[in-house]
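Residue numbers (the numbering used here): 576 to 712.
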């Protein structure tokens, strides 16, 4: 039994699974891994835990949309795009605010997280436009 590439296409339904898995990875890093490496990263532990709240909420919302909603809707996808944009801005602000205390590894993690978020947002917007632009006209 092989992989069927056609069935692996990202669309307005399974984008929630992809976003949710990314949120889960962020949650594990921000809530478990990075706090355990406190001095190695340079970001205060309470800030890491505070940042972990957003991916926890995103993961829950994404999994609800993926498993419970029969057909993804425009509002759900636009909500996660907006939430990701807001979280990206907050992460960038935290990065700038704590820049002097971050180690090289901490800087690497937070810059990578922001870049991955930007790429995900761009991709989600493309999926959104592909799925809902034709319905509007």
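Here a beta-carbon is modelled for each residue, glycine too, at the ideal position from N, C-alpha and C.
Original post:
Between the Cα of residue 590 and the Cα atoms of 619, 675, 652 and 690, which residue gives the shortest distance?
Top reply: 652
Original post:
Nearest-angstrom Cα distance between residue 705 and residue 696?
Top reply: 14 angstroms
Original post:
Ordered along the chain, which non-local residues of its own chain (more than five positions away) have a Cβ less than 6 angstroms from that of residue 712?
Top reply: Residue confidence is low: residue 712 scores 48 on pLDDT, short of 50, so the model does not pin down where it sits. Its coordinate-derived value is still stated next. Correct list: empty, nothing qualifies.
Original post:
Are the CB atoms of residue 663 and residue 692 nearer to each other than 8 angstroms?
Top reply: The beta carbons of residue 663 and residue 692 sit closer together than 8 angstroms.
Original post:
For residue 673, which of helix, strand or coil comes out of DSSP?
Top reply: Residue 673 carries a coil assignment under DSSP once its states are collapsed to helix, strand and coil.
**OP:** Taking residue 626 and residue 605 to be in contact with their CB atoms under 8 angstroms, please state how far apart those CB atoms are, rounded to whole angstroms.
**Re:** 5 angstroms
Original post:
When you compare each of 650, 675, 660 and 669 to residue 703 by their alpha carbons, which one comes out closest?
Top reply: 650
**OP:** Kindly list the residues whose CB is nearer than 6 angstroms to the CB of residue 641, restricted to its own chain and excluding five residues on each side of it in sequence; keep chain order.
**Re:** Excluding sequence neighbours, residue 641 sits near 591 and 592.
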